[in-house]
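Comments concern the structure below.
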């Protein structure tokens, strides 16, 4: 059963029950008030009859034909109304009573007085005034019907308005249900419900967020599958060639050190590509937010430089770090991976005896309008090298997966490094910028929000 139908039936049942109990209460109240009114009428008319009996013998029948009376002097019936029975209605001398006479229930009032107008001896005159109970009940029912009839007539109108307003109120929920029903497993577009009530807005927002994350996950999976297959094809083919050449050289007893070194070099390249793909796949929004901590940027940079110093030394390059204590909230391993990718890129494209400069400075957020949700301080981390530089056309494509700037044919890589850097920066709600460095090569700048309260 739909919510709309349940609510409609529930409200109508509630209104009907309320009407019933209101009618029941009104019936009891009306019956009580009518009883009091009729009892006072009985008392008033009995008083009139007793007064008449003292001065006359002709009694006027009441205008109210529902009233019946008997006048008794002693044991003799001296007067009665036309429809009153000849049988004495009550043997009491004063007060109210309910009796059954001739198959009918009567509400009677008995009053008496002594007089000496007729006869020698003083005899008691008893006035008995009666009201048939069924007439009282009919009067109470008439009042009840008059009170409830408008409500009964109004019920269909109430039902229509209840149905209309419930249907109107549930229209956004029905629209959401239809939108979800119409979706298939490949449709991850956002749900847009016009004029959604505030109670439904959190549901729609959470559903849209879930759909967005699912869409991103599927896009990552598709990109990972397609691009990984494309990128791994070359090193695997090269390895096959290396193995074939090494096997031929071995069969000819001509296996050299160069054959082994070339095989090792291409194996290392394949391993590096796989590590980069795993790193890119590992840093998702879901697992990233669970491991956010305060991270010392200077300490992470020192560790990254130390781990890669051997490569710098082999190429006789110089590296300088200009930094003071700066702390950001983030994922320590992700930041380390990001800095290492930027540094390895600088080492790769910096010539022998070249220089690399790493700087970390703090600035105000208003100097960086691209950081929309940051209002405090910003940590600015820059990597500069003295390489050949990058054209403007290549600067715009550096973060595309598997894209490599055409600097020199001697430089080999996966094309994933700066793509991973961009992904990690976005997870930290930061900004990644590229420019040509005054040193002659590439300048990579990362802007991250500084942790507040650090002295």
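Numbering (this note's numbering), first residue to last: 183 to 637.
Just so it is clear, CB atoms sit at the ideal spot from N, CA and C, and this is done for glycine as well.
Next on the checklist: For residue 255, report the span of its beta strand (DSSP E) as first-last.
Outcome noted: 249 to 255
Checklist entry - Which partner residues does residue 259 have in the DSSP bridge list? => result 254
Item to check | Nearest to residue 189 (by Cα), restricted to the options 269, 306 and 348 | outcome: 348
Checklist entry - Among residues of its own chain, excluding the 5 on either side of residue 535, which ones have a beta-carbon nearer than 6 angstroms to its beta-carbon? => result 498
Item to check | CB contact flag (residue 333, residue 196, <8 angstroms) | outcome: no
Item to check | Contact between the segment 320 to 333 and the segment 209 to 218 (3+ Cβ pairs under 8 angstroms) | outcome: yes
Item to check | Nearest candidate by alpha-carbon position, reference residue 574, set 273, 616, 610 and 546 | outcome: 616
Item to check | Whole-number beta carbon distance between residue 266 and residue 250, since they are thought to touch under 8 angstroms | outcome: 4 angstroms
Next on the checklist: I need the DSSP call for residue 506, collapsed to helix, strand or coil.
Outcome noted: coil
Item to check | Rounded separation between residue 483 and residue 371 - CA only | outcome: 41 angstroms
Item to check | residue 208 (DSSP reduced to helix, strand or coil) | outcome: helix
Item to check | Cβ-based burial, residue 548 [other Cβ within 10 Å; buried from 16] | outcome: exposed
Next on the checklist: Determine whether the beta carbon atoms of residue 318 and residue 203 lie at a separation below 8 angstroms.
Outcome noted: no
Next on the checklist: Using 8 angstroms for Cβ pairs, my map puts residue 431 next to residue 441. What's the rounded Cβ distance?
Outcome noted: 5 angstroms
Next on the checklist: According to DSSP, is residue 594 part of a helix, a strand, or is it coil?
Outcome noted: A caution first: residue 594 carries a pLDDT of 48, below 50, which makes its placement in the model too unreliable to give a value.
Checklist entry - Using the C-alpha atoms, what's the distance from residue 361 back to residue 510? => result 41 angstroms
Next on the checklist: Taking the alpha-carbon of residue 480 as reference, which of 450, 540 and 460 has the nearest alpha-carbon?
Outcome noted: 540
Next on the checklist: Can you give me the C-alpha to C-alpha distance between residue 433 and residue 532, rounded to a whole angstrom?
Outcome noted: 40 angstroms
Next on the checklist: How far does the alpha helix (DSSP H) with residue 334 in it extend, from its first residue to its last?
Outcome noted: 315 to 351
Checklist entry - With a Cβ-Cβ cutoff of 8 angstroms, do residue 512 and residue 567 count as a contact? => result no
Checklist entry - Expressed to the nearest angstrom, what Euclidean distance is found between the alpha-carbon atoms of residue 268 and residue 257? => result 12 angstroms
Item to check | Whether residue 292 touches residue 255 by CB criterion (8 angstroms) | outcome: no
Checklist entry - Is it buried or exposed for residue 275, if we count other Cβ within 10 angstroms and need 16 for buried? => result exposed
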